[in-house]
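In full-length UniProt numbering, the protein residues as written are 1 to 551.
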């Protein structure tokens with residue numbers, strides 16, 4: 001800790017001792033005054049003649065007069081307030097000293113990591129013959145050239161500020177900062193919650209940037225690039241926009257002053273997915289604030305109306321969609337996600353015309369392990385185009401892969417894999433033919449294999465099963481579909497619409513065939529006559545292993 005902080009703490013301790021001594025002297029004076037007053041009253045009463053047999057009670061020191069003690073109480077309260085303020089100052093000084101010590105440790109660790117990386121680079125650049133001759137004697141003591149290496153390295157500062165409107169006058173905010181080296185390895189992380197009644201996105205983004213620059217200064221980093229995903233902040237710090245609000249102007253000026261302390265400090269505008277860990281840290285900081293409020297929600301009767309079920313729900317049971325910030329109760333969201341997953345669809349925000357995807361990390365709190373695995377599979381399926389999907393043909397595996405992914409995985413094991421069509425499963429490592437979609441037919445060309453096996457056993461089994469159960473296959477994505485209940489207008493999970501009876505497509509929400517729209521047997525349910533009999537379309541769970549089979 002520097003000398004100013006040490007002197008300030010010593011001065012605060014001396015002032016507290018003087019204040020305690022002054023209060024003790026004041027109490028001594030008050031005691032002496034009460035004693036003299038008691039003696040004067042006793043003398044005055046003894047000089048008066050007695051008029052009754054019952055003498056009036058004599059005041060004692062155990063019964064102090066209200067007027068005489070009020071001034072002393074005021075002085076005592078003032079002394080207590082001053083003492084508490086001094087103690088608070090001492091605690092802040094101790095916290096500052098601890099923070100400086102932690103930053104000093106991190107700075108030393110950072111310098112050592114930079115030195116170790118430089119040593120590794122020197123060894124890699126050394127010729128093999130030179131290493132054989134002088135490798136045993138090679139050394140580079142820590143501290144030699146470390147500052148020069150730091151001056152050359154360009155560090156990366158990622159920052160993010162998030163804000164959420166909890167009520168008309170109350171906001172939650174979270175700040176996340178991640179500092180990485182030139183190789184994008186995480187060196188420093190920060191999570192800092194904010195809570196207030198006047199906060200906007202620009203201000204909290206600026207505060208996150210200020211925290212990031214202050215952390216870089218504390219780590220003694222001289223060359224940095226700070227990355228932001230918020231376009232207005234980038235425009236402000238590059239001087240293309242001028243701040244019109246007084247608060248924003250003050251924060252922008254603070255950023256400008258901090259940038260002067262670096263030898264190099266430039267901004268860079270990037271998409272949100274390149275903000276590395278900063279967005280996650282900010283989310284965690286804001287979530288910690290929300291959880292604290294949720295702990296006291298029951299005692300304060302803090303409830304919110306769910307827009308789906310219209311039930312008054314405890315604030316702690318409200319689910320917040322990450323991207324769009326729509327809010328629903330956990331019970332409704334759980335049912336929504338389960339239905340979408342079982343229908344083979346990646347769940348999105350249930351708000352009308354909102355296409356925000358639900359994050360697996362957010363939904364894992366209320367999903368079962370089995371549904372979590374299903375959601376992982378659905379997300380992977382959605383990320384691969386239909387023409388790129390390929391499944392392992394081995395029944396015990398059936399892993400989903402993209403054609404480019406499995407090709408790159410197979411090139412390391414086989415020469416000419418792209419020409420031959422041989423592939424190696426990324427999960428079970430078994431060999432298969434990507435053209436025929438069967439286990440690898442060794443020493444047989446694909447054309448010859450198809451001539452010998454015009455109707456594979458698996459195809460015949462699938463066709464028989466589909467004909468027996470009256471299944472239909474989507475001609476766009478090849479998923480197998482079973483009509484459980486509802487009308488014959490089918491909407492596949494890929495979005496393709498067709499007639500379940502004849503397979504003719506639907507155009508502009510209208511049928512292109514003359515088949516009837518429904519059958520009463522599929523609409524009415526005698527055993528369970530409830531709202532589950534709407535004209536909804538249901539997909540079976542058979543599509544996973546049969547994507548590439550046709551009728």
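Glycine residues also receive a C-beta, built at the ideal position from the N, C-alpha and C atoms.
According to DSSP, is residue i part of a helix, a strand, or is it coil?
i: residue 360; result: helix
i: residue 303; result: strand
i: residue 505; result: strand
i: residue 245; result: coil
i: residue 156; result: strand
i: residue 424; result: strand
i: residue 397; result: coil
i: residue 286; result: helix
i: residue 318; result: strand
i: residue 485; result: coil
i: residue 102; result: helix
i: residue 312; result: strand
i: residue 327; result: strand
i: residue 261; result: coil
i: residue 463; result: helix
Under DSSP, the alpha helix (DSSP H) around residue i begins and ends at which residues?
i: residue 203; result: 201-218
i: residue 371; result: 369-383
i: residue 446; result: 446-452
i: residue 233; result: 231-237
i: residue 266; result: Where residue 266 is concerned, there is no enclosing alpha helix (DSSP H), although the beta strand (DSSP E) it sits in stretches over 264-269.
i: residue 332; result: 330-342
i: residue 406; result: 403-411
In terms of residue numbering, what span does the beta strand (DSSP E) encompassing residue i cover?
i: residue 489; result: 489-491
i: residue 499; result: 497-499
i: residue 185; result: That residue, residue 185, is in no beta strand (DSSP E); it is neither H nor E in DSSP.
i: residue 415; result: Looking at the DSSP string, residue 415 is not in any beta strand (DSSP E), and its letter there is neither H nor E.
i: residue 386; result: First-last for residue 386: undefined, no H or E at that position.
i: residue 223; result: 223-228
When we look at the beta-carbon of residue i and count the other beta-carbons within 10 Å, is it buried (16 or more) or exposed?
i: residue 352; result: exposed
i: residue 519; result: exposed
i: residue 367; result: buried
i: residue 381; result: buried
i: residue 556; result: Since the displayed the chain opens at 1 and closes at 551, residue 556 lies outside it and no answer follows.
i: residue 597; result: Nothing about residue 597 can be reported from this structure: the residues present for the chain run from 1 to 551 only.
i: residue 281; result: buried
i: residue 555; result: Given a span of 1 to 551 for the chain in the structure shown, any question on residue 555 remains unanswerable.
i: residue 468; result: exposed
i: residue 386; result: exposed
i: residue 502; result: exposed
i: residue 354; result: exposed
i: residue 406; result: buried
i: residue 309; result: exposed
i: residue 588; result: With the chain covering only 1 through 551, there is no way to say anything about residue 588.
i: residue 517; result: exposed
i: residue 442; result: exposed
i: residue 266; result: exposed
i: residue 212; result: buried
i: residue 370; result: exposed
Thinking residue i and residue j are a contact (beta carbons under 8 Å), I'd like their distance in whole angstroms, please.
i: residue 286; j: residue 172; result: 5 Å
i: residue 225; j: residue 154; result: 6 Å
i: residue 215; j: residue 188; result: 6 Å
i: residue 379; j: residue 360; result: 7 Å
i: residue 343; j: residue 493; result: 6 Å
i: residue 488; j: residue 430; result: About 40 Å separates the two Cβ atoms, so there is no contact after all.
i: residue 446; j: residue 435; result: 5 Å
Residue i bridges to which residues according to DSSP?
i: residue 191; result: 176
i: residue 350; result: DSSP output for residue 350 lists no bridge partner at all.
i: residue 432; result: 423, 439
i: residue 161; result: 175
i: residue 473; result: 480
So, does the CB of residue i fall closer than 8 Å to a CB anywhere in chain B?
i: residue 486; result: The structure shown contains no chain B, having only a single protein chain.
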